[in-house]
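A short worksheet on the structure shown next.
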Amino acid sequence: MSASEQPHKPRKKGTILALIFISVVINYMDRTNISVAASAMSEDLGLSTVQLGILFSAFAWTYSVMQIPGGMVVDLVKTRILYPFILVVWSMATLIQGLVSSMAALVGCRMAIGFFEAPSYPANNKIVTRWFPVEQRASAIAIYTSGQFIGLAFLMPVLAFIQDLFGWRGLFIVSALIGFVWAAVWFFVYRDPDETPREAGEKPLLAEPQAGLSWHNLRVAFSNRKLWGVYIGQFCLGGTLIFFLTWFPTYLKEYRGYDTLDTGLLASVPFLAAFCGVLLSGFFSDLMVRKGFSNELARKAPIIVGLLLSSSVMGANYVNSTFWVTFFLSLTFFGNGLASINWVFVSLLAPKNMIGLVGGCFNFIGALSAVTVPVAIGFLASEGDFRPALFLVTGLAVVGLLSYLFLVGKVERIQLQPKLSEESTS
17 MSASEQPHKP
27 RKKGTILALI
37 FISVVINYMD
47 RTNISVAASA
57 MSEDLGLSTV
67 QLGILFSAFA
77 WTYSVMQIPG
87 GMVVDLVKTR
97 ILYPFILVVW
107 SMATLIQGLV
117 SSMAALVGCR
127 MAIGFFEAPS
137 YPANNKIVTR
147 WFPVEQRASA
157 IAIYTSGQFI
167 GLAFLMPVLA
177 FIQDLFGWRG
187 LFIVSALIGF
197 VWAAVWFFVY
207 RDPDETPREA
217 GEKPLLAEPQ
227 AGLSWHNLRV
237 AFSNRKLWGV
247 YIGQFCLGGT
257 LIFFLTWFPT
267 YLKEYRGYDT
277 LDTGLLASVP
287 FLAAFCGVLL
297 SGFFSDLMVR
307 KGFSNELARK
317 APIIVGLLLS
327 SSVMGANYVN
337 STFWVTFFLS
347 LTFFGNGLAS
357 INWVFVSLLA
367 PKNMIGLVGG
377 CFNFIGALSA
387 VTVPVAIGFL
397 ASEGDFRPAL
407 FLVTGLAVVG
417 LLSYLFLVGK
427 VERIQLQPKL
437 SEESTS
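Take the working numbering: the last position of the sequence shown gets the number 442, and nothing is skipped along the way.
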């Protein structure tokens with residue numbers, strides 16, 4: 017590549033990261049706008065705490081089930097086509113969510129959003145694996161993952177303000193319109209590396225044939241101890257994240273007694289802490305790799321420290337002041353951010369022709385936390401006491417920590433046996 021072509025490469029990578037980052041912000045906006053609307057919805061429609069828990073988890077019923085098929089679709093369909101399509105359809109479901117009133121219709125809309133958001137994170141991981149060499153991936157993953165934190169940190173008060181102006185129905189409608197616009201932007205801007213070879217400057221990292229639907233491939237994805245280590249870790253990280261994405265505003269308003277706008281402002285502080293955590297984790301991890309540290313230390317250390325910090329959420333059960341409640345919740349979410357580079361393990365461990373499939377399995381197990389944890393919290397807090405729920409989140413962080421310590425082992429790519437590999441492509 018000539019010297020005149022060199023500047024295009026980082027600029028193009030920056031554009032790719034910006035596309036994924038904003039997509040993640042919109043993705044999480046459509047997952048979590050219901051948490052902002054929950055109190056007004058429950059008052060308007062007469063929903064109980066248990067019904068809210070079911071409604072919060074409905075997204076994950078289809079999101080989790082579709083992770084593995086979604087990962088396979090990501091391996092087979094061009095990202096430029098797939099991403100705008102799923103954006104449009106889940107935004108349409110978000111729009112309809114603002115027009116219906118029955119519990120059944122709301123659950124159906126949440127399930128539709130989960131169904132069509134399912135391929136998004138496997139697609140994000142595949143894009144980063146194609147565009148970035150291994151020593152830059154944790155930073156890239158940290159940048160786009162930070163979208164779920166920094167986006168919501170600023171969006172929580174904005175979404176609360178939109179609801180204050182237009183009501184909870186208007187909140188869903190505005191969210192949908194943003195998704196429609198971004199789908200068009202994605203289609204006209206995104207290209208794969210092999211479609212822009214001069215700007216990418218390197219051979220695509222996923223040039224190998226991609227795995228199709230195969231019982232052998234599924235058996236590999238679900239029988240490896242290392243993979244189960246990161247799957248369990250993802251479930252436990254998801255348990256903490258889903259508390260903040262669903263019940264956290266209700267916790268602040270109903271249990272701690274803050275009003276709607278104060279809830280939006282206070283809810284943004286832990287998301288800012290998580291944003292700092294994920295960026296610190298990603299750049300520090302890549303720096304350690306460049307300095308010659310092993311993957312065991314460079315990749316695992318931020319996750320182990322992060323899960324340890326996430327267990328501090330139980331501290332909020334023993335304080336009453338706004339400062340200390342915010343401190344413990346922010347420390348918890350900072351830890352969750354530190355550990356959120358765990359997607360890098362999919363790139364490092366998965367067989368090269370199974371990046372999408374393993375990513376789907378990884379997110380499938382993680383998404384099960386979004387199925388179970390909101391409902392569990394709904395039952396635990398049914399008497400108005402959130403303390404048992406915070407103990408649940410603490411326990412999940414400890415289990416995730418143990419998983420990375422004792423199951424993942426040496427960080428190296430899983431190699432398929434030649435005979436089995438041939439069978440999988442026959």
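Here a beta-carbon is modelled for each residue, glycine too, at the ideal position from N, C-alpha and C.
Ordered along the chain, which non-local residues of its own chain (more than five positions away) have a Cβ less than 6 angstroms from that of residue i?
i: Ser356; result: Thr161 and Val294
i: Gly376; result: Gln83, Ile84, Gly86, Gly87 and Pro138
i: Ser363; result: Thr145 and Arg153
i: Ala366; result: Val374
i: Ile393; result: Trp263 and Ala405
i: Ile112; result: Cys125
i: Ser284; result: Ala169, Met172 and Pro173
i: Gly114; result: Arg185, Phe188 and Ile189
i: Ser80; result: Phe380, Ala383, Leu384 and Val387
i: Ile178; result: Leu187 and Val190
i: Leu193; result: none
i: Gly78; result: According to the sequence shown, residue 78 is Thr rather than Gly. So the qualifying residues of the chain are Met127, Gly130 and Phe131.
For residue i, count the other beta carbons within 10 Å of its own beta carbon; 16 or more makes it buried, fewer makes it exposed. Which is it?
i: Phe287; result: buried
i: Phe131; result: buried
i: Thr48; result: buried
i: Gly30; result: exposed
i: Glu151; result: exposed
i: Trp340; result: exposed
i: Phe259; result: buried
i: Phe422; result: exposed
i: Gln431; result: exposed
i: Phe395; result: exposed
For residue i, tell me which candidate among the options has the shortest Cα-Cα distance.
i: Leu63; options: Phe251, Ala120, Lys368 and Cys125; result: Ala120
i: Ser419; options: Leu98, Arg241, Ala192 and Lys29; result: Arg241
i: Val424; options: Asn358, Gly195 and Cys377; result: Asn358
i: Ile36; options: Val81, Pro100 and Asp60; result: Pro100
i: Ala449; options: Ile430, Gly186 and Ser327; result: What the structure shows of the chain is the stretch from 17 to 442, and residue 449 is not part of that stretch, so it cannot be assessed.
i: Phe349; options: Phe238, Thr410 and Ile430; result: Thr410
i: Arg207; options: Gln113, Phe299, Ile143 and Trp244; result: Ile143
i: Val93; options: Pro318, Pro135 and Ala237; result: Pro135
i: Val205; options: Ile97, Leu296 and Leu61; result: Ile97
i: Glu428; options: Phe344, Phe378 and Asn311; result: Asn311
i: Phe75; options: Phe378, Leu261, Gly245 and Val40; result: Leu261
i: Val246; options: Val389, Thr338 and Phe378; result: Phe378
i: Ala34; options: Trp202, Leu175 and Gly69; result: Trp202
So, for residue i: in the same chain, excluding its five sequence neighbours on each side, which residues have a beta-carbon less than 8 angstroms away from its beta-carbon?
i: Glu270; result: Ser55 and Gly400
i: Phe291; result: Ser162, Phe165, Ile166, Ala169 and Gly353
i: Ala53; result: Gln179, Trp184, Leu187 and Phe188
Could you round the C-beta distance between residue i and residue j to whole angstroms and report it? I think they count as a contact, below 8 angstroms.
i: Phe72; j: Ile42; result: So it is not a contact: roughly 19 angstroms between Cβ atoms.
i: Met45; j: Trp184; result: With a Cβ gap of about 14 angstroms, Met45 and Trp184 do not count as contacting.
i: Ala397; j: Thr65; result: 6 angstroms
i: Gly351; j: Leu325; result: 3 angstroms
i: Phe402; j: Met330; result: Not quite, the Cβ-Cβ distance comes to about 11 angstroms (not below 8 angstroms), so this is no contact.
i: Gly416; j: Ile248; result: 7 angstroms
i: Pro318; j: Phe300; result: 7 angstroms
Please work out which residues of its chain come closer than 7 angstroms, Cβ to Cβ, to residue i, disregarding the five sequence neighbours upstream and downstream, and give them in chain order.
i: Val360; result: Arg153, Ala154, Ile157 and Arg315
i: Val321; result: Leu354
i: Ser118; result: none
Any heavy atom of the ligand HEM closer than 7 angstroms to the Cβ of residue i?
i: Ala405; result: You won't find the ligand HEM in this model; it holds no ligand whatsoever.
Determine, using beta-carbon pairs with one atom in the region 198-207 and one in the region 102-111, whether at least three such pairs fall under 8 angstroms. yes
Is the region 375-393 touching the region 247-262 in the sense that three or more CB pairs, one from each, lie closer than 8 angstroms? yes
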